[in-house]
Amino acid sequence: MHAQGQDVPTPDDIEPITNAIWWQIGALVCLGGAFWLHECGNKLQALLLTLVAIGLALNWARIYYWT
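Counting from 6, one number per residue, gives the positions in the sequence shown under the numbering used here.
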């Protein structure tokens with residue numbers, strides 16, 4: 006139960022937070038893949054995947070700066 010006077014979050018309140026979490030999970034998966042590629046000797050692919058991860062993180066910061 007919520008205390009009287011407190012608003013219950015709506016799906017519109019929660020959606021930006023959920024989306025931000027998915028953007029960050031995507032960036033972390035890309036970084037993990039880049040580390041694995043680097044360890045396998047694929048330096049160029051690792052660099053490209055790292056750039057994708059940075060792009061995901063920057064896009065998240067641009068869109069969801071209030072979260």
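C-beta: ideal position from N, C-alpha, C; glycine also.
query: Span of the alpha helix (DSSP H) holding residue 31?; result: 16-44
query: Considering Cα atoms alone, identify which of 58, 26 and 28 is closest to residue 40.; result: 58
query: Given residue 55, which residues of its chain have a CB within under 6 Å of its CB, disregarding the five upstream and five downstream residues?; result: 39
query: When we look at the beta-carbon of residue 32 and count the other beta-carbons within 10 Å, is it buried (16 or more) or exposed?; result: buried
query: By alpha-carbon positions, which one of 35, 12 and 46 ends up nearest to residue 60?; result: 35
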